[in-house]
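Engineer: Right, I'll just put the structure down here and ask away after.
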Amino acid sequence: MQKPMTDDQLQIKTMSNQDIDKQEFNITVYTENQIGLLNRIAIIFTRRKINIDSLNTSPSEVESIHRFNIVITETEDVVRKLCRQIEKQVEVLKVYYHTNEDVIWQELALYKVSTDVIAEKVSVERLLRENGARVVTLRKDYTVFETTGHREETDNLISILQPYGLIEFVRSARVAIIKDSDGFNAKIREFERLEPGEDVIENEFLNKGNQVFTM
Amino acid sequence: METQTITAQEIAEIKEKSVESSIEVSGSVALLEALIVEGVDTIFGYPGGAIMPIYDALYDYHDKLEHILVRHEQGGIHAGQGYARTSGKVGVVFATSGPGATNLVTGLADAQIDSTPLVCITGQVFAHLLGTDAFQETDVINITTPVTKWNYQVTDANEIPEVIAKAFYIAKSGRPGPVLIDITKNAQIQKFQFKGYTPCDHIRSYRPKPIVRQQYVQQAAELINQAKKPFILWGQGVILGSAEQEFKAFVEKSGIPAAWTILGAGAIPTDHPLNVGMLGMHGNYGPNVLTNECDVLIAIGMRFDDRVTGRLDKYAKQAKVIHLDIDPAEIDKNVKSTVPVWGDCKETLPLLTQLIEEKKHTEWLHKFNDYTRQEVELVINDELNPTSGEMTMGEVIKQLNEITKGEAIIVTDVGQHQMVACRYAKFNNTRSNVTSGGLGTMGFALPAAIGAKYGAKDKTIVAIIGDGGFQMTLQELGTIMQSKVDVKIIILNNRFLGMVRQWQELFNERRYSFVDIQSPDFVAVAAAYGIAGKAISDRDDLPGTLQEMLDHKGSFLLEVFVTKENNVFPMVPQGCSVAEIRLK
Chain A
1 MQKPMTDDQL QIKTMSNQDI DKQEFNITVY TENQIGLLNR IAIIFTRRKI
51 NIDSLNTSPS EVESIHRFNI VITETEDVVR KLCRQIEKQV EVLKVYYHTN
101 EDVIWQELAL YKVSTDVIAE KVSVERLLRE NGARVVTLRK DYTVFETTGH
151 REETDNLISI LQPYGLIEFV RSARVAIIKD SDGFNAKIRE FERLEPGEDV
201 IENEFLNKGN QVFTM
Chain B
1 METQTITAQE IAEIKEKSVE SSIEVSGSVA LLEALIVEGV DTIFGYPGGA
51 IMPIYDALYD YHDKLEHILV RHEQGGIHAG QGYARTSGKV GVVFATSGPG
101 ATNLVTGLAD AQIDSTPLVC ITGQVFAHLL GTDAFQETDV INITTPVTKW
151 NYQVTDANEI PEVIAKAFYI AKSGRPGPVL IDITKNAQIQ KFQFKGYTPC
201 DHIRSYRPKP IVRQQYVQQA AELINQAKKP FILWGQGVIL GSAEQEFKAF
251 VEKSGIPAAW TILGAGAIPT DHPLNVGMLG MHGNYGPNVL TNECDVLIAI
301 GMRFDDRVTG RLDKYAKQAK VIHLDIDPAE IDKNVKSTVP VWGDCKETLP
351 LLTQLIEEKK HTEWLHKFND YTRQEVELVI NDELNPTSGE MTMGEVIKQL
401 NEITKGEAII VTDVGQHQMV ACRYAKFNNT RSNVTSGGLG TMGFALPAAI
451 GAKYGAKDKT IVAIIGDGGF QMTLQELGTI MQSKVDVKII ILNNRFLGMV
501 RQWQELFNER RYSFVDIQSP DFVAVAAAYG IAGKAISDRD DLPGTLQEML
551 DHKGSFLLEV FVTKENNVFP MVPQGCSVAE IRLK
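Line by line, the protein sequences give chains A and B.
Residues 1 to 215, numbered by our numbering, are exactly what the first sequence covers, in order.
Residues 1 to 584, numbered by our numbering, are exactly what the second sequence covers, in order.
Put into structure tokens, the structure is as follows:
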């Protein structure tokens with residue numbers, strides 16, 4: 001007969017059950033290209049004390065429309081409510097959310113290694129080639145490599161290069177393409193054609209302080 | 001500086017001539033002309049350095065735009081809210097940069113959570129000084145981003161007409177909300193070619209009103225027609241959508257008992273036979289208990305706030321939920337709906353009414369009446385008709401009802417008196433209950449009453465305030481003094497921060513931590529502001545003094561000393577289900 005669980009055991013079991021429900025979600029947001037939108041979207045996450053694992057924002061195929069790619073680890077229920085609140089914002093066009101299975105994604109990483117190490121240790125060179133690293137820059141004192149792939153591959157390469165003297169490392173945010181995105185490009189272009197976006201008006205006066213008398 | 005107002009004639013001329021025709025004006029003048037086209041007639045504001053050019057232009061508009069000088073920007077924005085609540089129009093507030101703008105934040109948060117349409121214009125330092133920690137410079141846009149529906153900073157006068165058009169459209173369309181426009185001083189002064197003002201009716205990324213999906217209306221109607229114990233919950237959405245007539249028709253045809261949230265009060269009159277009472281933590285007995293017995297729950301223009309639902313895992317689990325709301329983010333946010341009817345209730349209600357059968361649920365309605373009888377016997381009678389001891393808050397409200405006959409607009413602050421006033425006040429008309437619901441801002445009532453009067457000049461405004469809340473914004477007595485506006489103020493003084501004291505009594509073993517608050521002689525304070533007033537503590541004086549207050553020409557402050565340690569019941573304690581409502 002099984003012993004009844006103690007309170008601590010029960011609590012740990014319940015907590016891990018909740019964590020099982022959490023998974024990585026890729027949130028895709030199409031927005032106008034206006035100042036302040038990044039903040040409006042970010043605070044919807046910080047408000048609930050949710051950590052953003054990765055955030056990318058860049059112009060879409062149409063210049064006046066921006067595309068955000070946000071990665072968080074949460075339950076689907078929370079993600080659905082988050083997305084509805086993001087879509088509520090006036091300058092947000094549309095929000096989609098997908099699990100990792102429903103997107104194809106890449107992250108870029110750059111590694112700076114001493115050229116001597118590469119020259120001397122043939123094994124390192126072979127290692128890099130096997131991991132699909134490409135040389136971006138080759139200088140007398142350093143070489144910069146680039147990989148594109150998933151987090152695990154990048155992390156793997158870092159741990160391999162570490163003993164050989166990794167000088168600097170940087171990784172980009174995740175960009176993801178939705179598998180089921182038929183007609184997206186056509187819709188965006190049509191949307192822009194029917195009603196062109198407005199220009200962003202930035203602060204043109206920023207550097208003109210000494211030309212203006214103020215009170 | 002030359003005076004400059006544009007006549008309507010000149011605007012018409014611009015429109016008639018070719019598209020290229022324009023007139024050179026400053027950004028400030030363009031702003032004021034835009035406000036006039038939008039139908040603004042009242043502005044609540046407080047000047048300052050960064051908004052001086054706008055105020056200078058305003059000097060020439062005194063016959064077209066009425067500006068009320070408040071005593072604190074928070075008073076200004078609450079007044080704007082009161083105005084918006086009673087008139088249904090967009091409230092307009094002016095404030096300067098820095099501290100002026102940050103003083104608006106509480107009011108913006110209140111308007112955001114209670115969906116009140118507001119457009120706030122704040123001055124800002126010169127554009128080239130942004131980010132340099134200049135005098136009275138604050139990052140208003142970032143401070144107010146979480147508490148506004150939309151905000152924008154104008155750094156060039158050319159942007160003004162379009163931005164103001166967007167601001168008004170966003171503030172009042174869909175689910176209304178506050179909008180803040182931050183205009184740098186150079187943009188206010190800068191002269192530009194003004195081509196006339198065109199209101200906005202479309203923003204490509206913004207969909208305020210969805211297209212109604214007929215199949216959901218159909219499903220909802222089927223559920224309603226089959227229901228044996230249906231129950232309607234309604235909220236402010238009915239009032240915001242101006243759908244009171246459509247709602248009344250729906251309720252009367254379906255014969256379904258209907259209960260209200262405090263912001264929805266008055267959409268159908270208090271006395272209507274199908275109006276079964278108030279929802280929520282201090283709502284009526286029947287609506288709370290029977291929520292967990294109904295088979296179809298129809299929620300219209302309400303968002304299932306936690307004060308209404310109590311424990312969500314024990315809320316209406318047995319019922320099929322039909323949720324009518326204009327905001328898609330509210331549907332399924334707190335309560336899972338069986339049939340979501342996403343749309344403007346002014347459109348969806350008639351469609352639904354058409355498909356439902358005319359019915360009477362007499363037996364089911366009698367259940368509500370039974371609970372009401374119990375509640376009257378066990379709770380309400382003692383509150384409204386005490387025979388001895390000090391006055392209760394309830395009896396003051398009852399006496400008030402008898403004189404105003406439900407025609408007055410009641411503005412309440414926050415706390416025990418708010419619950420008592422919302423429960424017992426009689427509302428014959430819509431837009432009669434002005435209170436801070438979602439945010440519960442103490443100090444809301446006095447300035448809001450001022451704004452409410454400007455928004456409904458023909459109505460009697462009675463502000464019911466606690467001794468704590470009154471002291472938070474009592475500087476607005478100065479606004480009353482200067483504007484000579486007529487509001488009736490009743491302070492229900494129990495010498496305590498009542499609601500917190502009640503919780504400390506019920507849940508913290510009467511450990512009254514810092515809730516006994518000392519107040520000044522409020523009548524003397526009012527007198528110092530030239531406002532008539534009286535203080536009473538004897539119930540025999542109540543009817544006569546209330547009548548005197550309402551008959552008085554001009555504002556009147558009535559301080560009523562009520563019993564110190566009275567509790568508001570019924571109550572759904574925190575963490576309990578609505579069925580566990582306590583009667584004592």
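Glycine included, C-beta positions come from ideal geometry on N, C-alpha and C.
Predicted, not measured: the structure shown is a model, and the values here were computed from it.
Along chain A, in chain order, which residues have C-beta atoms closer than 8 Å to that of residue 149 (chain B)?
Structural biologist: Those within 8 Å of residue 149 (chain B) in chain A are 90.
Engineer: Smallest Cα separation from residue 543 (chain B): which of B:502, B:554, B:391?
Structural biologist: Nearest C-alpha to residue 543 (chain B): B:391.
Engineer: With burial defined as no fewer than 16 other Cβ atoms inside 10 Å of the residue's Cβ, what is the status of residue 81 (chain B): buried or exposed?
Structural biologist: Residue 81 (chain B) is buried by the Cβ-count criterion.
Engineer: According to DSSP, residue 44 (chain B) sits in a beta bridge with which residue or residues?
Structural biologist: Paired residues: B:68, B:93.
Engineer: Of all the CB atoms in chain B, is at least one closer than 7 Å to the CB of residue 195 (chain A)?
Structural biologist: Closer than 7 Å to some Cβ of chain B, the Cβ of residue 195 (chain A) qualifies, so yes.
Engineer: Give the range of the beta strand (DSSP E) segment to which residue 69 (chain A) is assigned.
Structural biologist: First-last of the beta strand (DSSP E) with residue 69 (chain A): 65 to 74.
Engineer: Cβ of residue 205 (chain B) less than 7 Å from any chain A Cβ?
Structural biologist: Chain A, which has a Cβ nearer than 7 Å to the Cβ of residue 205 (chain B), makes this yes.
Engineer: I'd like the ranges of any beta strand (DSSP E) spanning at least 3 consecutive residues and lying wholly in the segment 408 to 443 of chain B.
Structural biologist: Complete beta strand (DSSP E) runs here, min 3: 409 to 412.
Engineer: Which of the three DSSP states, helix, strand or coil, is assigned to residue 2 (chain B)?
Structural biologist: Residue confidence for residue 2 (chain B) is low, a pLDDT of 47 falling below 50, so the modelled location carries little weight; the figure read from the coordinates is stated next. In this structure, residue 2 (chain B) counts as coil in the three-state DSSP scheme.
Engineer: Output needed in chain order: residues of the segment 163 to 190 of chain A with a Cβ under 8 Å from some Cβ in chain B.
Structural biologist: Residues: none.
Engineer: Going by other Cβ atoms of all chains shown within 10 Å of its Cβ, with 16 needed for buried, is residue 1 (chain B) buried or exposed?
Structural biologist: Bear in mind that the predicted position of residue 1 (chain B) carries a pLDDT of just 43, short of 50, making it unreliable; the figure below should be weighed with that in mind. Residue 1 (chain B) should be labelled exposed.
Engineer: Rounded to whole angstroms, what's the CA-CA distance from residue 507 (chain B) to residue 315 (chain B)? Just pull it up for me.
Structural biologist: Going by the C-alpha atoms only, they are around 23 Å apart.
Engineer: Going along chain A, which residues have a C-beta under 7 Å from residue 312 (chain B)?
Structural biologist: Within chain A, no residue comes near residue 312 (chain B); the closest Cβ sits about 13 Å away, beyond 7 Å.
Engineer: Is it right to say residue 59 (chain B) is buried, meaning 16 or more other beta carbons lie within 10 angstroms of its own, or is it exposed?
Structural biologist: Exposed, because fewer than 16 other Cβ atoms sit within 10 Å of the Cβ of residue 59 (chain B).
Engineer: Which residues in chain B sit within 9 Å of residue 205 (chain A), going by Cβ to Cβ distance?
Structural biologist: Correct list: 126, 127, 128, 129, 130, 155, 156, 184, 186.
Engineer: Verify whether the separation of the beta carbon atoms of residue 277 (chain B) and residue 287 (chain B) is less than 7 Å.
Structural biologist: Against a cut-off of 7 Å, the Cβ pair of residue 287 (chain B) and residue 277 (chain B) comes out as a contact.
Engineer: State the start and end residues of the unbroken beta strand (DSSP E) segment that holds residue 26 (chain A).
Structural biologist: That run of the beta strand (DSSP E) goes 23 to 32.
Engineer: What distance in whole Å lies between the Cβ atoms of residue 90 (chain B) and residue 118 (chain B), which are believed to be in contact at a cut-off of 8 Å?
Structural biologist: Yes, residue 118 (chain B) and residue 90 (chain B) are in contact; Cβ-Cβ is about 7 Å, under 8 Å.
Engineer: Compare the C-beta of residue 32 (chain A) with all C-beta atoms of chain B and state if any pair is closer than 7 Å.
Structural biologist: Taking Cβ atoms only, chain B reaches closer than 7 Å to residue 32 (chain A), which makes this a yes.
Engineer: Short of 6 Å in beta carbon distance, which residues of its chain neighbour residue 164 (chain B), apart from the five on each side in sequence? Order them along the chain.
Structural biologist: These residues qualify, in order along the chain: 34.
Engineer: With DSSP as the reference, identify every bridge partner of residue 337 (chain B), one or two as the case may be.
Structural biologist: DSSP output for residue 337 (chain B) lists no bridge partner at all.
Engineer: Quick check on the burial criterion: 16 or more other C-beta atoms within 10 angstroms. Buried or exposed for residue 157 (chain A)?
Structural biologist: Buried, by the Cβ-count rule.
Engineer: Which partner residues of residue 152 (chain B) appear in the DSSP bridge assignment?
Structural biologist: According to DSSP, residue 152 (chain B) bridges with B:181.
Engineer: Quick check: is the beta carbon of residue 170 (chain B) nearer than 7 Å to any beta carbon in chain A?
Structural biologist: Interface residue, yes.
Engineer: Would you mind working out which of B:158, B:235, B:423 sits nearest residue 22 (chain B), comparing C-alpha positions?
Structural biologist: Checked all of B:158, B:235, B:423; the closest Cα to residue 22 (chain B) is B:158.
Engineer: Would residue 55 (chain A) pass as an interface residue toward chain B - the criterion being a Cβ-Cβ separation below 7 Å?
Structural biologist: Not closer than 7 Å to any Cβ of chain B, the Cβ of residue 55 (chain A) fails to qualify, so no.
Engineer: Taking 7 Å as the limit between beta carbons, can you name the residues of its chain near residue 330 (chain B), skipping five residues before and five after?
Structural biologist: Taken in chain order, the residues that qualify are 303.
Engineer: Of all the options B:547, B:373, B:479, B:532, which has the alpha carbon lying nearest to the alpha carbon of residue 400 (chain B)?
Structural biologist: Nearest C-alpha to residue 400 (chain B): B:547.
Engineer: For the segment 331 to 345 of chain B, list every residue whose C-beta sits within 7 Å of some C-beta in chain A, in sequence order.
Structural biologist: If the cut-off is 7 Å between Cβ atoms, the segment 331 to 345 of chain B has 333 near chain A.
Engineer: Do the segment 338 to 354 of chain B and the segment 80 to 92 of chain A touch if we need at least three Cβ pairs shorter than 8 Å?
Structural biologist: Contact fails: fewer than three Cβ-Cβ distances are below 8 Å.
Engineer: Can you tell me where the beta strand (DSSP E) with residue 59 (chain A) in it begins and where it stops?
Structural biologist: Note, residue 59 (chain A): beta strand (DSSP E), 54 to 59.
Engineer: Which residues in the same chain have their Cβ closer than 7 Å to the Cβ of residue 468 (chain B), if we skip the five residues on either side of it in sequence?
Structural biologist: 415, 442, 497, 517, listed in sequence order.
Engineer: For the candidate residues B:473, B:384, B:175, whose alpha-carbon lies nearest to that of residue 107 (chain B)?
Structural biologist: The residue with the shortest Cα to Cα distance from residue 107 (chain B) is B:473.
Engineer: In chain order, which alpha helix (DSSP H) runs of at least 4 residues are fully inside the segment 323 to 405 of chain B?
Structural biologist: As far as the segment 323 to 405 of chain B is concerned, its whole alpha helix (DSSP H) runs of at least 4 residues are 345 to 355, 362 to 375, 381 to 384, 393 to 404.
Engineer: In this structure, how does DSSP classify residue 120 (chain B) when only helix, strand and coil are distinguished?
Structural biologist: Strand.
Engineer: Kindly indicate which three-state DSSP category residue 243 (chain B) falls into: helix, strand or coil?
Structural biologist: Three-state result, residue 243 (chain B): coil.
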